[in-house]
Amino acid sequence: ENQAIAVMAGKPVLHYSDCRGRMEAVRWLLAAAGVEFEEKFLKTRDDLERLRNDGSLMFQQVPMVEIDGMKLVQTRAILNYIATKYNLYGKDMKERAIIDMYTEGLMDLDEMVLHQPYLPKEEKEGNLAKIKDKSRNRYFPAYEKVLKSHGQDYLVGNKLSRADVYLVKLLYHVEELDPSVLANFPLLKALRTRVSNLPTVKKFLQPGSQRKPLEDEKCVEEVMKAYI
Amino acid sequence: MAGKPVLHYWDARGRMECIRWLLAAAGVEFEEKFIETPADMEKLIKDGRLMFQQVPMVEIDGMTLVQTRAILNYIATKYDLYGKDAKERALIDMYTEGIVDLSEMIKQLVICPPDQREAKISLVKDKTKNRYLSAFEKVLKSHGQDYLVGNRLTRVDIHLLEVLLYVEEFDSSLLDPFPLL
């Protein structure tokens, strides 16, 4: 019934496991935009099969978000729509291009980060080393350089955009895996503080919000149950 | 020099090919600077032109853009191949991302070591038909229109055409059950 009420109230409904995975970026963006959302967690294989048999998943995969009468799958399609709807995608085509370039770089880094808890034991160390190397030597320097180049409070157009939100999410998540990673990036630290103090983000960062913790072994086991 | 986009990549399909397709479909002339030696790549990096030290890179409208999707999104918007509103864009994005996944899956198989190929081939064929091609056939059947979204040509029709040609190269019989595609 929660779902029916949510649909009637116009709230987006997120379908995914009760974990970060690929849906966490969507949760962050909605939260930053101040949009309330419902979640339907997949707990068993049957939950996934039911969605598949309903025809709710265009490619039989989650994330899936019900929003504005659509059942959207594919993380980027979902993020693009939300960013546009809530004005977090720049003011024109050229700002969008820069935002896309920055966001895509972040998503490349996030591919490594979000998989880390789910990797077999023998692959974890290597992947963690890759994350540390790429964060410190490729990605974080690039964004520090952007902030340095214009001296503004946000990455693009002197205004909060989806790129800032995604970057801040990643700054927190990489720091969980590599506690000293931000040592040489003062402007990134300042951006993180600034964004974290925005009322919507501040609320999301508090305990009891819909933000998900770093996956532990138990969580990974439960998630695998729904997919295997 | 006349304001044509300049594409920086190897003389290969790789991640640049979808960009070539989109520009071509939009009727936009473009130049290509091929990376031929490691030194070429070094120079691009040293000159600070590659935000993440990677190609594809496209010089267009005074910007030096990297990241395939950023480039495609800009071109699609500029040449009006990205739908008429946010909802059409959402569908285009959803379909496009599925096409990217299909394309990646086929590419992975091509580069797969021969001893692992056999096992993967049947899985790839199954997913190609039952997860991806059937989904797009269903879209066309559902509205009976000539194009995937909004009853007119958009970027996703171009992306789909491109991947159908790759599927055909891989195994043309996979397309048999899909008359609308």
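Chains as they are written, first to last, in UniProt numbering: chain A, 1 to 228; chain B, 1 to 181. Idealized CB from N, CA, C, for every residue including glycine. Keep in mind the model is a prediction, meaning the values are calculated, not measured.
* Rounded to whole angstroms, how far is the Cβ of Gly-150/B from the Cβ of Gly-83/B, which I believe are closer than 8 Å? -> About 6 Å; that satisfies the 8 Å criterion.
* Asked: Which chain A residues sit within Cβ distance under 7 Å of Glu-97/B?
  -> Listed along the chain, the chain A residues whose CB falls inside 7 Å of the CB of Glu-97/B are Gln-74, Arg-76 and Ala-77.
* **Local conformation of Ser-17/A per DSSP, three classes** => Ser-17/A falls in the strand class under three-state DSSP.
* **Bridge-paired residues (DSSP) for Pro-41/A** => Contrary to the premise, residue 41/A reads as Phe rather than Pro in this sequence. In DSSP, Phe-41/A forms a bridge with Tyr-16/A.
* To do: Flag this pair as yes or no: are the beta carbons of Leu-30/A and Ile-82/A separated by less than 9 Å?
  => A contact, by the Cβ cut-off of 9 Å.
* To do: Please determine, among Ala-90/B, Leu-161/B and Glu-31/B, the residue with the shortest C-alpha to C-alpha distance to Leu-102/B.
  => Out of Ala-90/B, Leu-161/B and Glu-31/B, Leu-161/B has the C-alpha closest to the C-alpha of Leu-102/B.
* Give me the Cβ distance between Thr-154/B and Leu-81/B, rounded to the nearest whole Å; I'm assuming they're in contact under 8 Å. => That belief holds up - the Cβ atoms of Thr-154/B and Leu-81/B are roughly 5 Å apart, short of 8 Å.
* Looking only at its own chain, which residues have a Cβ that is under 6 Å from the Cβ of Pro-179/B, when we skip the five neighbours before and after it? -> Excluding sequence positions up to five before and after Pro-179/B, its CB lies less than 6 Å from no other CB in the same chain.
* Have a look at Asn-193/A and Lys-202/A and give me their C-alpha separation to the nearest angstrom. => Position check: residue 193/A holds Thr in this sequence, whereas Asn was assumed. Straight-line Cα distance between these residues: approximately 10 Å.
* To do: Please determine, among Lys-148/A, Leu-119/A, Tyr-139/A and Gly-21/A, the residue with the shortest C-alpha to C-alpha distance to Arg-190/A.
  => Note on residue identity: the sequence assigns Ala, not Arg, to residue 190/A. Nearest C-alpha to Ala-190/A: Lys-148/A.
* To do: Under 8 Å between beta-carbons, which chain A residues line up against Asp-93/B? List them in chain order, please.
  => Within chain A, the residues placing a beta-carbon under 8 Å from that of Asp-93/B are Gln-74, Arg-76, Ala-77, Asn-80 and Tyr-81, ordered along the chain.
* **8 Å Cβ cut-off: residues of chain A touching Tyr-77/B** => Note that residue 77/B is Thr in the sequence shown, not Tyr. By Cβ distance, chain A contributes Met-93 and Arg-96.
* To do: Just mark Met-1/B as buried or exposed, buried being the case when its beta carbon has 16 or more other beta carbons within 10 Å.
  => Low per-residue confidence applies at Met-1/B: pLDDT is 46, beneath 50, and the placement is therefore not dependable, though the value from the model is reported in the following sentence. Here Met-1/B is exposed, its C-beta having fewer than 16 other C-beta atoms within 10 Å.
* Does the beta carbon of Tyr-132/B sit closer than 9 Å to a beta carbon anywhere in chain A? -> Between Tyr-132/B and chain A, the shortest Cβ-Cβ separation is below 9 Å.
* Asked: With 9 Å set as the bound, which would you pick, yes or no: does the beta-carbon of Lys-74/B sit closer than that to a beta-carbon of chain A?
  -> Lys is not the amino acid found at residue 74/B; the sequence shown has Tyr there. So yes, Tyr-74/B belongs to the interface.
* **Euclidean distance between Cα positions of His-15/A and Glu-36/B** => Cα-Cα distance, rounded: 46 Å.
* For Thr-44/A, does the count of other Cβ atoms within 10 angstroms reach 16, so buried, or fall short, so exposed? -> Exposed, because fewer than 16 other Cβ atoms sit within 10 Å of the Cβ of Thr-44/A.
* To the nearest angstrom, report how far apart Leu-174/B and Cys-18/B are at their CA atoms. => If you take the alpha carbons of Leu-174/B and Cys-18/B, they lie about 21 Å apart.
* To do: Using a Cβ cut-off of 9 Å (strictly closer), state whether Ile-121/B contacts chain A.
  => For Ile-121/B, the answer is no, since every Cβ of chain A falls outside 9 Å of its Cβ.
* To do: Measure the C-alpha to C-alpha separation of Phe-204/A and Gln-67/B and round it to an integer number of angstroms.
  => The alpha-carbon of Phe-204/A is positioned some 30 Å away from that of Gln-67/B.
* Establish whether the CB of Arg-117/B and some CB of chain A are separated by less than 9 Å. => By this cut-off, Arg-117/B is not an interface position.
* Can you have a look at Asn-80/A and say buried or exposed, based on whether 16 or more other CB atoms are within 10 angstroms of its CB? => It counts as buried.
* Asked: Checking contacts by CB at 9 Å: is Arg-69/B closer than that to chain A?
  -> Residue contact with chain A for Arg-69/B: present (Cβ-Cβ distance below 9 Å to some residue of chain A).
* Compare the beta carbon distance of Val-55/B and Arg-15/B with 9 Å and say whether it is the shorter of the two. => Result yes, Cβ atoms of Val-55/B and Arg-15/B sit closer than 9 Å.
* Asked: Is Met-112/A near Lys-130/A, with beta carbons less than 9 Å apart?
  -> Yes; because the gap between Cβ atoms is below 9 Å, this pair is in contact.
* Endpoints, the beta strand (DSSP E) within which Met-63/B is located -> Taken as a continuous stretch (DSSP letters only), the beta strand (DSSP E) holding Met-63/B covers 63–66.
* If you draw a straight line from the C-alpha of Ile-158/B to the C-alpha of Gly-3/B, how long is it? -> Linking Ile-158/B to Gly-3/B through their CA atoms gives a straight-line distance of about 24 Å.
* To do: Determine the chain A residues that contact Val-66/B at a beta-carbon separation under 7 Å, and present them in chain order.
  => Those within 7 Å of Val-66/B in chain A are Met-101.
* To do: Go ahead and pull the three-state DSSP assignment for Phe-34/B.
  => Residue state for Phe-34/B is assigned as strand, using DSSP reduced to three classes.
* Quick one: does Tyr-154/A have its CB under 9 Å from some CB of chain B? -> Not one chain B Cβ lies under 9 Å of Tyr-154/A.
* Asked: Which residues of chain B have a Cβ atom closer than 7 Å to the Cβ of Phe-37/A, listed in chain order?
  -> Correct list: empty, because the minimum Cβ distance to chain B is about 16 Å.
* Output yes if chain B places a C-beta closer than 9 Å to the C-beta of Asp-133/A; else output no. => In terms of beta-carbon proximity, Asp-133/A stays away from the interface with chain B, with every pair separated by 9 Å or more.
* With Met-64/A as the anchor, note down where its beta strand (DSSP E) starts and where it stops. => Met-64/A -> beta strand (DSSP E) spans 64–67.
* Neighbour list for Phe-52/B in chain A, Cβ cutoff strictly below 8 Å -> Within 8 Å of the CB of Phe-52/B, the CB atoms of chain A belong to Gly-105, Asp-108, Arg-138, Tyr-139 and Ala-142, in sequence order along the chain.
* May I ask which residues mark the beginning and end of the beta strand (DSSP E) holding Val-6/B? => 6–9 is the span of the beta strand (DSSP E), which, as asked, contains Val-6/B.
* To do: Tell me, please, whether the CB atom of Gln-60/A is closer than 9 Å to any CB atom in chain B?
  => Nearest CB-CB separation between Gln-60/A and chain B: below the 9 Å threshold.
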